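Under my numbering, the first residue of the sequence shown carries the number 1, and numbering increases by one thereafter.
Note sheet for the following structure.
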Amino acid sequence: MGLSSLWLREPRSFGFPDQMQMISIVVCRLHIMLRYTIALNNYYQSRRKLHAVTWAEVQSGPPHALSWTLTCKVEGEVVGTATANQKNVAKEEAARIACERLGIN
């Protein structure tokens, strides 16, 4: 088997996705994960209220099983709170709740 036949072989034939496929999966997951946080920030930035959205975070539990609670505040008023095992998941859920309450798509 020559080098060219190895080079032309489909990447999945070895059981691993190619790098571009992995990158697109990661980007897609990040895009979905950050949808509400970005929407909330964009909404207030477009209205020139750059510091309207603030976050308060509290971690609890043992180091091997942390739990994060994030609170989203808009102009000092609590509009969303969520708890999860991962900080970014709790933040995104709090942002989703805030977007729903504020009518932001």
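Think of the CB as a built atom: it goes at the ideal place given N, C-alpha and C, for glycine as much as any other residue.
Given the structure is predicted, the values throughout are model-derived calculations rather than measurements.
**OP:** Could you tell me whether any non-hydrogen atom of the ligand COA is closer than 7 Å to the CB of T37?
**Re:** Absence of the ligand COA from the depicted structure is noted, as is the absence of any ligand whatsoever, leaving it without description.
**OP:** Pull up the DSSP beta-bridge partners for Q45, would you.
**Re:** DSSP output for Q45 lists no bridge partner at all.
**OP:** For L40, count neighbouring Cβ atoms within 10 angstroms of its own Cβ and tell me buried if that reaches 16, exposed if not.
**Re:** buried
Subject >> DSSP three-state assignment for C28, whether helix, strand or coil >> reply: Any reading at C28 must be qualified, since the residue scores a pLDDT of 49, below 50, and its modelled position is unreliable; the value itself is stated next. C28 falls in the helix class under three-state DSSP.
Original post:
Roughly how many angstroms lie between the CA atoms of V78 and C72, to the nearest whole one?
Top reply: 6 Å
Original post:
Can you name the start and end residues of the alpha helix (DSSP H) that A98 belongs to?
Top reply: 87-102
Original post:
Just reading off the beta strand (DSSP E) that L65 is part of, what are its end residues?
Top reply: Looking at the sequence shown, residue 65 is not Leu but Ala. Element bounds for A65: n/a, residue is neither H nor E.
Original post:
Of all the CB atoms in chain D, is at least one closer than 8 Å to the CB of E57?
Top reply: Within the model displayed, chain D is absent; a lone protein chain is all it includes.
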